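*Asks:* Could you have a look at this structure, given as structure tokens, before my questions?
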Amino acid sequence: MRSACAECSSSTSGLCGDRRSRSVGEMTLFHFGNCFALAYFPYFITYKCSGLSEYNAFWRCVQAGATYLCVQLCKMLFLATFFPTWEGAAGAFDFIGEFMKSTVDLADLLGLHLVMSRNAGKGEYKIMVAAMGWATAELVMSRCLPLWVGARGIEFDWKYIQMSIDSNISLVHYMAVAALVWMWTRYDLPTHYRLPVTVLLGLSMYKAFLMDCFVHVFLLGSWMALLLKAVITGVLSLSCLTLFVSLVHGN
């Protein structure tokens, strides 16, 4: 009788353990699906709703992504050669070193200009192709593997939600930067547009450095840093949109 009860209890505990592990697996998969959808669906919706799919611009976006990979490889080699890892006190922030490293992001502007110069069509088409290809390549290379490995873990962590939200901010950022590069390289750009476009390009290039300075000086948390990045990107994008609309309609 006792052996039968023991066998029954062991089988019951085994079933409970299987159900618990199955429910945990479903929760982690659901969490990964949420993070994946939050990160990737805005890109898909932007591609479909912007009209790029009607122009069969998929392979042009792929070419823009390949250009992104080449530019990042060149930046990594340049940084490893001329700006080695700074070995300072723990918790210290190398302002000069980080500023010089952010200057290397000028290569991103050159890469975006190269992509747009190789595409024929209207300015809006060039901007969207360059921005979509560039942002999607960054999303795949920098966030795909962390989401796949981390978001499927047993322990829930908000950083993967933040990573997904940050990918949407990056998409808006690259659209604004591509539009600024397109405006700055126009031969018929009015003189009074040159200064604000140049200032916005400089802010976009040093945005990461300014963010790191704010986080270090004011000891911002991850959510506050993400909010600050969203606000700065929003202001930059709205300013760029204002200049772009006035320039296009003015001509």
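Convert by adding 215 to the 1-based position in the sequence shown; the result is the number in the working numbering. Where is the CB? At the ideal position from N, CA and C, for every residue including glycine. Computed from a prediction, not measured in an experiment: that's the story for all the values here.
Tell me whether the beta-carbon of Thr-400 lies closer than 8 Å to the beta-carbon of His-328.
*Replies:* Result yes, Cβ atoms of Thr-400 and His-328 sit closer than 8 Å.
*Asks:* Given Phe-310, which residues of its chain have a CB within under 8 Å of its CB, disregarding the five upstream and five downstream residues?
*Replies:* Cys-428
*Asks:* Can you grab the Cα-Cα spacing for the pair Lys-422 / Phe-308, in whole Å?
*Replies:* 16 Å
*Asks:* Nearest to Leu-458 by alpha carbon, out of Gln-278, Val-412, Ala-440?
*Replies:* Val-412
*Asks:* If you run the structure through DSSP and keep just helix, strand and coil, what is Asn-271?
*Replies:* coil
*Asks:* Okay, do the region 355-364 and the region 326-344 touch, 3+ Cβ pairs below 8 Å being the bar?
*Replies:* no
*Asks:* Tell me whether Arg-409 is buried or exposed, calling it buried when 16 or more other Cβ atoms sit within 10 Å of its Cβ.
*Replies:* Answer is exposed; the Cβ neighbour count stays below 16.
*Asks:* Just the C-alpha distance for Gln-377 and Leu-442, rounded to the nearest angstrom, thanks.
*Replies:* 10 Å
*Asks:* Would you mind sorting Arg-295 into buried or exposed? The rule is 16 or more other CB atoms within 10 Å of its CB.
*Replies:* Checking the displayed sequence, the identity of residue 295 turns out to be Ala instead of Arg. Answer is exposed; the Cβ neighbour count stays below 16.
*Asks:* According to DSSP, simplified to helix, strand and coil, what is Tyr-258?
*Replies:* helix
*Asks:* Check whether chain C comes within 8 Å of Leu-451, counting only Cβ atoms and requiring the distance to be less than that.
*Replies:* Absent from the structure: chain C. Only one protein chain is present.
*Asks:* Label Asn-383 either buried or exposed according to how many other C-beta atoms from any shown protein chain fall within 10 Å of its C-beta, with 16 as the threshold for buried.
*Replies:* buried
*Asks:* Threshold first: 3 residues or longer. Then list the beta strand (DSSP E) segments lying entirely within the region 306-363, N to C.
*Replies:* none
*Asks:* Of the choices Gln-278, Ser-317, Ser-385, whose alpha-carbon is the least far from that of Leu-425?
*Replies:* The shortest C-alpha separation from Leu-425 is found at Ser-317.
*Asks:* Mapping DSSP to helix, strand and coil, what is Thr-413?
*Replies:* Correct three-state label for Thr-413: helix.
*Asks:* Would the beta-carbon of Ile-342 fall within 8 Å of that of Trp-397?
*Replies:* yes
*Asks:* Check each candidate in Tyr-262, Leu-456, Cys-285, Tyr-255 and name the one with the smallest Cα separation from Val-344.
*Replies:* Tyr-262
*Asks:* Could you have a look at Phe-459 and say whether DSSP puts it in helix, strand or coil?
*Replies:* helix
*Asks:* According to the neighbour-count rule (16 or more other Cβ atoms, all chains shown, within 10 Å of its Cβ), is Asp-403 buried or exposed?
*Replies:* exposed
*Asks:* Output yes or no for whether 8 Å exceeds the beta carbon distance between Leu-415 and Ala-352.
*Replies:* no
*Asks:* What's the C-alpha gap between Ser-265 and Cys-455?
*Replies:* 18 Å
*Asks:* Comparing C-alpha positions only, which one of Lys-290, Asp-320, Leu-395 sits nearest to Gly-338?
*Replies:* Leu-395
*Asks:* How big is the Cα-Cα spacing for Glu-313 and Asn-249?
*Replies:* 34 Å
*Asks:* For Lys-444, count neighbouring Cβ atoms within 10 angstroms of its own Cβ and tell me buried if that reaches 16, exposed if not.
*Replies:* The C-beta of Lys-444 has 16 or more other C-beta atoms within 10 Å across all chains shown, which makes the residue buried.
*Asks:* Closest to Met-347 by C-alpha separation, out of Lys-374, Leu-453, Gly-280, Leu-418, would be which residue?
*Replies:* Gly-280
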